[in-house]
């Protein structure tokens, strides 16, 4: 199967008065058609910057320093705004965290979805435009679309707004959907509905998706593959089962152990000690070493490469080196949950 | 823990006007009690009135009906409040959800933590206000080297600790926390929740914990009340509530908690809740000792 999106050794930096912030450091991943990849990590680890650099939605202070982005086999790394405009919406679309700020409060919901449709089909007739808008709204599970079209965003609930944003994103039949924390602002009951909608759409339309989140419960529900990011790098990647049941990187262990569902009756939660490093001057060696209770001497000296575990699973930790001491992983193995 | 009742909210009701004829009922006859040394969790969907309840308890908003008794003093009565103002303001402290917005960006961390002491003219128990601030910072796990930083220079978890240190500086009896961890990362959430648990065990203060992360509530709280449309629909000890939810809304809520396990998470079927208004009335019945549920009388369509 051909790769729909392939990112090779991508590095992105923000140039700020405080210095160069290395938000994305040497990241490689690929996405096949119809696949859902979850990017997991703490805030500031570069997951949003990675998505935005692929869509070229970064502010002027940011620059792609090295690496390449291949979409459908074409190198889009140095595409300018005019070329990108042709791709956005058709090749990839984006759903943001907060649907209230993504929608224009002074326009009806229908008009905003219609606007997205018209961008892709400028010559569409008025009646066909209404039909297409209603069809999109129905697709994302909004009942009575013809009536709801005339409503304003503030008359919609949070879940409905996120559905409307999704409808606008799907207007150009994108091959890849970037979803940046799409359910973080929603209630748990609504979150479950939206996640199921995502999975359902992805199955019916065959849309590939990159799902940015910090909630491992969300990952468990929607993702086919997982990439764990830390300090601008992907530290572990694998299928969802491999990462949850056989995690190899100490940071993934920490994330899994911090969940209250996995506390197993203990009266304190595991907390990863310390803070993530600043990306202005990333530390020498493994960026996670100073928070890692399993750190080896080499972690402070040399950055670990990606060690393959299986064909689809690999992790960047010296613990996987054949010379490293064997450690029983404190998390994973399927003995989780309530 | 059958301690004395510290806080007693009785029949709180408040409606916010939308237009001349319409209003939103944020609280609709909400009653709950917090005993001394108890961690009480209040959960519910956004817009169900959790924060309004917290604001009523803290006297930031006067409810249109009902009263809040704190140690038997009716805090909603201006006269009783004035007579006990110092005690009430000292003994009850609030932690807001968004510490980026609730801390003054132009004040240094040390001044923020010591400000309540200055306002209440409390003699700092550890020498100067600065010493006291440094002590509280160490207590919540912050390096006192941050004393002269501004909130904008701190990370989300550190700022939340500053907000906690500020609340603890008054050595309160009742701590009200309105979604204190919602804006934080998973690993930082764990740090803050551990801190709450540790402080609570050491200080023995009572705690009203408002959240929508049910897994954290189950972990931290001893008793939990579930709110829906301004009313309490179920109340029980935390373990009991999550093991045997009775009200249909609680069932939907508990079944929607994501499980960080792909196989089980994908097999999970969330219970649907039909939503809409609760029928008026309803019976507050005790299903088992300490486990209360709002039962609808008859089956109204």
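Protein chains in written order, with the numbering used here: chain L, 1 to 338; chain A, 1 to 301.
Heads up, the beta-carbon is just placed ideally off N, CA and C, and yes, glycines get one too.
Only a predicted model underlies this, so the values are computations on that prediction, with no experimental measurement involved.
Would you call the segment 201-210 of chain L and the segment 116-132 of chain L touching, i.e. three or more CB-CB distances under 8 Å? no
Which chain L residues are close to residue 257 (chain A), counting only those with a beta carbon under 7 Å from its beta carbon? 188
Contact defined as beta carbons within less than 8 Å: I believe residue 288 (chain L) pairs with residue 250 (chain L). What is the distance between those atoms, to the nearest angstrom? 7 Å
State the Cα-Cα distance for the pair residue 103 (chain L) and residue 168 (chain L), rounded to the nearest angstrom. 10 Å
I want to see whether chain A comes within less than 7 Å of residue 214 (chain L), judged by CB atoms only; does it? yes
Pick from A:231, A:109, A:222 and A:209 that is closest to residue 93 (chain A), judged by C-alpha positions: A:209
For the alpha helix (DSSP H) holding residue 109 (chain L), just list the boundary residues, first then last. 109-120
What residue range is occupied by the uninterrupted alpha helix (DSSP H) comprising residue 340 (chain L)? A query on residue 340 (chain L) cannot be resolved here, the shown segment of chain L reaching from 1 to 338 and no further.
Anything in chain L within Cβ reach of residue 191 (chain A), meaning under 9 Å, just list it in chain order. Those within 9 Å of residue 191 (chain A) in chain L are 258, 269, 271, 272 and 273.
Using a 10 Å radius around the Cβ and a threshold of 16 neighbouring Cβ atoms, would you call residue 47 (chain L) buried or exposed? buried
Please name the residue in A:42, A:229 and A:201 whose C-alpha comes closest to that of residue 48 (chain A). A:229
Rounded to the nearest angstrom, what separates residue 33 (chain L) and residue 156 (chain L) at their Cα positions? 32 Å
Determine whether the Cβ of residue 260 (chain A) lies closer than 7 Å to any Cβ atom of chain L. yes
Give the DSSP-derived three-state secondary structure of residue 168 (chain L) in the structure shown. helix
Where residue 299 (chain A) and residue 127 (chain L) are concerned, what is the direct C-alpha to C-alpha distance, given to the nearest angstrom? Confidence at residue 299 (chain A) is low in this model, with a pLDDT of 46, below 50, so its placement is unreliable and no value can be given for it.
Can you check whether the CB of residue 37 (chain A) is closer than 7 Å to the CB of residue 225 (chain A)? The answer is no: Cβ separation not under 7 Å.
Using a threshold of 7 Å, state whether the C-beta atoms of residue 57 (chain A) and residue 68 (chain A) are closer than that. yes
Strictly by DSSP, which residues pair up with residue 68 (chain A)? A:9
Per-residue contacts from residue 205 (chain A) into chain L (C-beta, under 8 Å): The contacting residues do not exist; residue 205 (chain A) stays about 17 Å from chain L at best.
Using the three-state DSSP reduction, which class does residue 286 (chain A) fall into: helix, strand or coil? strand
Within this structure, are the beta carbons of residue 226 (chain L) and residue 38 (chain L) separated by less than 7 Å? yes
Selection of the segment 30-60 of chain L by Cβ proximity to chain A, strictly under 7 Å: 42 and 43
Per DSSP, what are the beta-bridge partners of residue 29 (chain L) in this structure? Under DSSP, residue 29 (chain L) forms a beta bridge with L:7.
Per DSSP, residue 19 (chain L) forms a beta bridge with which residues? L:16
Answer yes or no: do residue 51 (chain L) and residue 178 (chain L) have a C-beta to C-beta separation smaller than 7 Å? yes
Option nearest residue 254 (chain L) by Cα separation, candidates L:138, L:302, L:115 and L:41: L:41
Relative to chain L, which residues along the segment 32-53 of chain A have a C-beta separation below 8 Å, given in chain order? 45 and 46
For residue 214 (chain L), the three-state DSSP class (helix, strand or coil): coil
Looking only at its chain, what residues have a beta carbon closer than 6 Å to the beta carbon of residue 221 (chain L), apart from the 5 residues adjacent to it on each side? 195
Euclidean distance between Cα positions of residue 314 (chain L) and residue 238 (chain L): 6 Å
Can you give the Cα-Cα distance for residue 200 (chain A) and residue 140 (chain L), rounded to whole angstroms? Between residue 200 (chain A) and residue 140 (chain L), the alpha-carbon positions lie close to 45 Å from each other.
According to DSSP, residue 69 (chain L) sits in a beta bridge with which residue or residues? L:7
In chain B, what lies closer than 7 Å to residue 236 (chain L) by C-beta? Given the protein chain composition of this structure (L and A), no chain B is represented.
Quick one: Cα of residue 174 (chain A) to Cα of residue 284 (chain A), how far? 26 Å
Taking three-plus beta-carbon pairs below 8 Å as touching, is the segment 147-158 of chain A in contact with the segment 7-17 of chain L? Touching, no.
Is it true that the segment 262-282 of chain L meets the segment 228-243 of chain L, where meeting means three or more beta-carbon pairs spaced less than 8 Å apart? yes
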